[in-house]
Amino acid sequence: MAFISSGYNPDKPMEDRISDIGPRKYDEFYPPVIATNKGKWLYHEYLKPGVLVHVAESGDEVYTVRVGGARLMSVTHIREICEIADKHCDGYLRFTTRNNIEFMVDSKDKVDPLIKDLESRKFDGGSFKFPVGGTGSGITNIVHTQGWIHCHTPATDASGPVKAAMDVLFEDFQQHRMPAHVRVSLACCLNMCGAVHCSDIAILGYHRKPPMLDHEYLDKVCEIPLAIASCPTAAIKPAKVEIDGKKRNSVAVKNERCMFCGNCYTMCPSMPLADQEGDGIVLMVGGKVSNRISPPMFSKVVVAFIPNEPPRWPKTCETIQKIVEVYAANARKYERVGEWAERIGWERFFDKCELEFTHHLIDDFRDPAYSTWRQTSQFKF
Amino acid sequence: MAKHETPMLDQLESGPWPSFVSDLKQEAANRAKNEKNVEHQIPQDVVEDILGVLELSFKHGRTHWKHGGIVGVFGYGGGVIGRYCDQPETFPGVAHFHTMRIAQPGAKFYTTDYLKKLCDLWEFRGSGITNMHGSTGDIIFLGTTTPQLEEIFYELTHKHNQDLGGSGSNLRTPADCIGEARCQYSCYDTQALCYTLTQEYQDELHRPAFPYKFKFKFDGCPNGCVASIARADISFIGTWKDDIKVDQEAVQAYIGGEFLPNAGAHSGRDWGPFDIKKEVIDLCPTECMWMEGKTLKIDTKECNRCMHCINVMPRALRIGDDRGLSMLVGAKAPILDGAQMGSLLVPFIKAEDPYDEIKEVIEAIWDWWMEEGKNRERLGELIKRQGFQKLLEVTNIAPVPQHVQEPRTNPYIFWKEEEVEGGWDRDVNEFRKHHQR
């Protein structure tokens with residue numbers, strides 16, 4: 001594999017350099033029906049799960065077929081998406097915020113052939129390449145983070161548990177039987193490069209062991225003051241350690257103060273936390289970002305820990321499925337998971353979902369904790 | 382024959398949901414076959430090694446990626462995330478495996494022509510594995526070697542008129558909802574504002590000068606499809622001030638069952654006939670709606686624009702015409718001091734090109750945060766530390782009741798000297814003339 005230059009000259013990096021041009025402008029990529037009717041849409045309808053029609057003032061219609069996608073995607077797969085868009089959609093497509101792919105056509109007769117084509121395509125392993133769904137009062141794609149495929153701080157994988165969970169929730173990806181839409185999200189550590197803290201169901205990777213200290217290298221690869229300052233609970237202090245008779249500057253960690261956030265590891269590679277037994281999953285429930293009926297809400301921790309169980313995370317998936325089923329059977333039409341839990345009371349939520357309530361679920365982190373304890377004699381037995 | 386055995390990953394090939402394992406395997410096979418004779422600039426079996434190292438992580442329950450490293454393209458401090466494998470001898474193909482963030486177009490519309498060009502570039506100079514898309518919104522190129530970074534950047538900018546996105550302590554690539562492009566709820570042109578601000582602040586996006594990351598997200602309406610209120614340091618949420626437009630005939634069509642409520646979103650179950658009182662009027666959070674005979678009435682002044690009635694009856698109810706947006710600030714995930722939702726700073730502002738008023742607010746916030754923010758302190762944490770009043774002061778915004786959920790429950794007001802008649806300088810001897818020690 002011989003090196004092939006792009007034209008870049010490493011001796012003169014500024015020569016002919018183009019920078020600060022930003023992304024391609026959005027309107028270069030609008031399908032004609034979108035460009036013509038932008039800002040003039042009248043209404044939309046779900047014709048069936050995964051299929052939308054938007055009708056414009058002009059009478060124009062755009063039919064959208066939404067399909068699920070693993071956000072981890074090869075160029076071969078993207079080329080296949082392009083092939084479909086070339087065949088059915090005049091070479092246009094879009095992706096959604098939740099990693100779905102949307103194929104748009106400008107007349108109804110193009111919808112069925114498109115769906116037929118999409119549904120006919122499967123991977124060699126048997127899974128659908130382009131399952132149609134992800135709309136309305138169903139369960140759409142799980143937004144997620146990198147996990148073990150490419151990140152240095154995760155406490156769980158991302159693509160693996162997402163695949164396992166979506167297999168379990170698959171029927172509801174293709175249905176509209178939920179009381180309201182259910183948003184499931186996964187973040188593989190609490191840096192949360194996805195916004196899982198406001199999801200109906202959040203799957204969160206978490207560590208449970210304080211950092212190990214690689215004293216021999218710590219002072220060489222880390223700025224000790226930065227590592228100390230990074231700790232939100234002030235559990236890290238400077239320390240001198242002796243290795244092979246040599247005094248070295250390092251740090252000491254007050255383990256009982258550690259909340260396992262991993263912020264020190266972000267600042268200092270000599271403080272790794274990851275551990276097969278220590279790491280696992282926290283389940284959080286009842287968040288939302290929409291302002292519909294009730295204001296946006298944070299998700300609440302309802303299961304403090306489930307061990308990582310690759311490759312299919314059965315306990316995590318089973319618990320999610322249980323919560324979804326109890327919600328579907330009990331919530332009122334339009335009621336989100338969090339609204340339902342608040343209406344019936346969280347004590348009833350644990351009851352109905354048959355989840356054990358443990359001391360871990362009572363907030364003891366700083367000021368906001370107090371407001372989550374019960375300051376009333378109103379409660380249910 | 383696969384280079385590495387992957388018995389655990391293989392179990393993720395079954396089941397209906399698209400299998401990323403099958404996709405990785407198909408890419409590994411594509412590279413091995415190389416029908417188009419691509420002169421791969423990084424190891425041809427790189428995807429085999431991705432599968433191998435991921436299998437090892439499944440076995441160990443731990444990641445095998447090291448901390449980042451300082452790699453990037455000349456003149457930028459973001460857009461590339463250094464990544465090295467901690468088992469390079471076993472998986473040499475991914476020993477150096479850096480991420481590149483490619484700034485995505487607004488609302489993630491694409492032409493196939495453009496996507497195919499990106500695919501060709503990434504197959505040639507990288508692993509051929511992507512994220513479509515990363516959490517912030519960028520197209521993510523997963524895995525290439527250091528010598529390829531400048532080459533890829535050169536090709537992106539010279540051949541594809543395409544720049545990198547943000548990473549590190551700078552403005553992250555802004556992201557928007559589909560907005561007016563295909564949604565009747567959008568109260569402003571999310572793509573236009575997102576693009577304008579992205580272009581205006583290219584320097585802030587590429588060259589880290591901030592205490593920490595900073596995110597803009599643009600939601601066209603209070604439904605919040607890009608979750609700006611949960612994750613953007615400045616969240617731009619479309620809203621309006623005048624009446625919801627009502628088509629009374631269409632209201633009757635919903636009542637009569639001619640139109641499906643919620644645009645057919647509940648079609649998977651028999652919820653019984655549509656009941657406008659139960660499903661709309663009684664669920665209105667401000668109780669500002671009622672029926673007078675066959676006419677739906679809305680007391681606009683009392684409406685808080687939650688979108689519920691419009692969502693349920695999109696063919697009958699439409700957003701008003703006096704449109705703009707609300708700016709909320711300080712949202713973030715839990716690291717470090719707990720999660721924060723965006724707090725309302727600007728209740729209403731017009732979103733019209735060239736958006737000067739919006740830029741003024743942004744720049745006032747940045748001036749303050751860059752001056753006062755500590756290393757790795759998000760805007761929301763600074764607001765908590767110095768107070769919401771301080772934010773109002775630096776942005777020169779007058780306090781209004783809309784800023785709070787409720788007024789404070791303690792009287793510990795930090796009065797300023799100039800607010801108190803006569804100031805704070807007093808003569809204790811004069812005081813003692815009337816009050817013995």
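Those protein sequence lines, which keep their order, are chains A and B.
Once you know that position 278 of the first sequence is 278 in my numbering, the rest is easy, because the numbers rise by one and skip nothing.
Once you know that position 167 of the second sequence is 548 in my numbering, the rest is easy, because the numbers rise by one and skip nothing.
C-beta atoms are modelled at their ideal positions from N, C-alpha and C, and glycine is treated no differently.
Report the residue from the options whose alpha carbon sits nearest the alpha carbon of residue i.
i: residue 231 of chain A; options: A/265, A/205 and A/244; result: A/265
i: residue 269 of chain A; options: A/215, A/109 and A/41; result: A/215
i: residue 587 of chain B; options: B/617, B/548, B/648 and B/691; result: B/548
i: residue 186 of chain A; options: A/196, A/180, A/177 and A/178; result: A/196
i: residue 401 of chain B; options: A/166, A/245 and A/110; result: A/166
i: residue 505 of chain B; options: A/56, A/71 and A/76; result: A/76
i: residue 330 of chain A; options: A/236, A/55 and A/345; result: A/345
i: residue 254 of chain A; options: A/245, A/247 and A/235; result: A/235
i: residue 293 of chain A; options: B/673, B/768 and B/661; result: B/661
i: residue 709 of chain B; options: B/687, B/775, B/619 and B/750; result: B/619
i: residue 410 of chain B; options: B/510, B/578 and B/555; result: B/510
i: residue 260 of chain A; options: A/183, A/1, A/211 and A/188; result: A/211
i: residue 398 of chain B; options: A/271, A/95, A/69 and A/311; result: A/69
i: residue 631 of chain B; options: B/538, B/664, B/677 and B/780; result: B/677
Taking DSSP as the reference, what is the three-state secondary structure of residue i?
i: residue 92 of chain A; result: strand
i: residue 837 of chain B; result: Outside the shown range of chain B (382 to 818) lies residue 837 of chain B, about which nothing can therefore be said.
i: residue 37 of chain A; result: helix
i: residue 76 of chain A; result: helix
i: residue 137 of chain A; result: coil
i: residue 736 of chain B; result: coil
i: residue 21 of chain A; result: coil
i: residue 466 of chain B; result: strand
i: residue 513 of chain B; result: strand
i: residue 206 of chain A; result: strand
i: residue 813 of chain B; result: helix
i: residue 249 of chain A; result: strand
i: residue 324 of chain A; result: helix
Hey, quick one: how far does the beta strand (DSSP E) through residue i stretch, first residue to last?
i: residue 337 of chain A; result: Where residue 337 of chain A is concerned, there is no enclosing beta strand (DSSP E), although the alpha helix (DSSP H) it sits in stretches over 337 to 344.
i: residue 598 of chain B; result: 597 to 600
i: residue 64 of chain A; result: 61 to 67
i: residue 269 of chain A; result: Note, residue 269 of chain A: premise wrong, no beta strand (DSSP E); not H, not E.
i: residue 691 of chain B; result: That residue, residue 691 of chain B, is in no beta strand (DSSP E); its alpha helix (DSSP H) goes 689 to 693.
Would residue i pass as an interface residue toward chain B - the criterion being a Cβ-Cβ separation below 8 Å?
i: residue 225 of chain A; result: no
i: residue 274 of chain A; result: yes
i: residue 361 of chain A; result: no
i: residue 44 of chain A; result: yes
i: residue 110 of chain A; result: no
i: residue 212 of chain A; result: no
i: residue 132 of chain A; result: no
i: residue 97 of chain A; result: yes
i: residue 320 of chain A; result: no
i: residue 38 of chain A; result: yes
i: residue 186 of chain A; result: no
Please list, in chain order, all residues of the same chain as residue i whose beta carbon is under 7 Å from its beta carbon, the five residues on each side excluded.
i: residue 572 of chain B; result: 487, 488, 557, 560 and 562
i: residue 475 of chain B; result: 427, 430, 431, 434, 466 and 524
i: residue 667 of chain B; result: 683, 684 and 685
Could you confirm whether any beta carbon from chain A is found closer than 8 Å to the beta carbon of residue i?
i: residue 473 of chain B; result: no
i: residue 490 of chain B; result: yes
i: residue 670 of chain B; result: no
i: residue 719 of chain B; result: yes
i: residue 527 of chain B; result: no
i: residue 531 of chain B; result: yes
i: residue 542 of chain B; result: yes
Any heavy atom of the ligand NAP closer than 7 Å to the Cβ of residue i?
i: residue 263 of chain A; result: For the ligand NAP, the structure offers nothing, since it holds no ligand at all.
Can you name the start and end residues of the alpha helix (DSSP H) that residue i belongs to?
i: residue 166 of chain A; result: 159 to 173
i: residue 219 of chain A; result: 215 to 221
i: residue 761 of chain B; result: 760 to 767
i: residue 274 of chain A; result: Counting along the chain, residue 274 of chain A falls outside any alpha helix (DSSP H), and DSSP gives it neither H nor E.
i: residue 412 of chain B; result: 401 to 414
For residue i, collect the residues of the same chain with a Cβ closer than 6 Å to its Cβ; drop the 5 residues on either side in sequence, then sort them by chain order.
i: residue 606 of chain B; result: 558
i: residue 275 of chain A; result: 209
i: residue 206 of chain A; result: 155 and 282
i: residue 382 of chain A; result: Residue 382 of chain A lies beyond the range of chain A shown here (1 to 381); nothing can be said about it.
Enumerate in chain order the residues of its own chain whose CB-to-CB distance from residue i is below 8 Å, with the five nearest sequence positions on each side excluded.
i: residue 228 of chain A; result: 236, 237, 238 and 251
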